[in-house]
Amino acid sequence: MKGLKRFKVIKTFDSIADRYILANHLLSFWQDICWRKTMFNLISQNLENRDIFVDVATGTGENFKYCHSDFRLKIGLDPARKMLEIAKRRFENVQFIEGMAETLPFKNETADLITVSFGVRNFEDRKKSFEEFNRVLRKGGILGILEFFPMENGTFINKAAAKYIYDILPYLGGVITGNFNAYKYLSKSIKNFILPNIMKLELENVGFNVIEVERLFPNVYIFIAKKVKSL
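Residue numbering for the sequence shown follows my numbering, beginning at 159 and increasing consecutively.
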């Protein structure tokens, strides 16, 4: 079952690779740019060393556009080959690698920063991925996560946002990219994901101290976590 999920995720993202960046901007009303900038601003306030930066589930490499810290080595990792082909054309100073979050191809305690934007929902094994982040990060290293979470019931704004994300966004995404099923999957993955407080507990259970949790939109959150112990 897990292998099937991996195949579906890769196929989904490869199918929308050519219009992925445009779709992100249009569907979020360009807020995805602000969200990424905010994440890196929070990271820069907590980052101690700037040697190696790894962006997991990098897709087309969009995070590298907003990371202005002078790292010696920048690496983007993603399982979707077509996404990586676009990323390589966009960022010549970044090393891009095909791979999975659950089996990072890096030595222990080598990275100073790991980021994931809108990718944790698609991990085949979230616990294993978080353990890998712990293994690869140096002690004191920073993990930055930008992610959608399920909509909470209550306010009019939450209800309106839920209507947009669960019903309208899949249709618009299909119109923009030509793949309606891809955006139905993405919308469903948000609806079925864990809540932010569960994410915090999961990170703390694998050696991280969550030092920042910022809510940007009714269901968009940034997590900044520091590795405080090895497993």
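For each residue, glycine too, the CB sits at the ideal point set by N, CA and C.
Small disclaimer: the values here were computed from a predicted structure and weren't measured.
Can you tell me which of the three DSSP states residue 289 falls into? Here residue 289 sits in helix by DSSP.
Is the region 331-350 touching the region 255-266, taking contact as three or more C-beta pairs under 8 angstroms? no
Nearest to residue 192 (by Cα), restricted to the options 373, 324 and 322: Residue 192 has its Cα closest to that of 373, out of 373, 324 and 322.
Under the DSSP definition of a beta bridge, which residues are partnered with residue 173? The partner list for residue 173 (beta bridge, DSSP) is empty, contrary to what the question assumes.
Counterpart residues of residue 372 in DSSP-defined beta bridges: 380
Between the region 270-278 and the region 208-217, are three or more C-beta pairs nearer than 8 angstroms? yes
Which word fits residue 178, buried or exposed, when buried means at least 16 other C-beta atoms lie within 10 angstroms of its C-beta? By the Cβ-count criterion, residue 178 is buried, with 16 or more other Cβ atoms from all chains shown falling within 10 Å of its own Cβ.
Contact defined as beta carbons within less than 8 angstroms: I believe residue 389 pairs with residue 292. What is the distance between those atoms, to the nearest angstrom? 6 angstroms
Suppose contacts are defined by Cβ-Cβ distances below 7 angstroms. Is residue 385 in contact with residue 299 by that definition? yes
Which first and last residues belong to the beta strand (DSSP E) in which residue 232 is found? It spans 231-236 - the beta strand (DSSP E) in which residue 232 sits, taken as one unbroken run.
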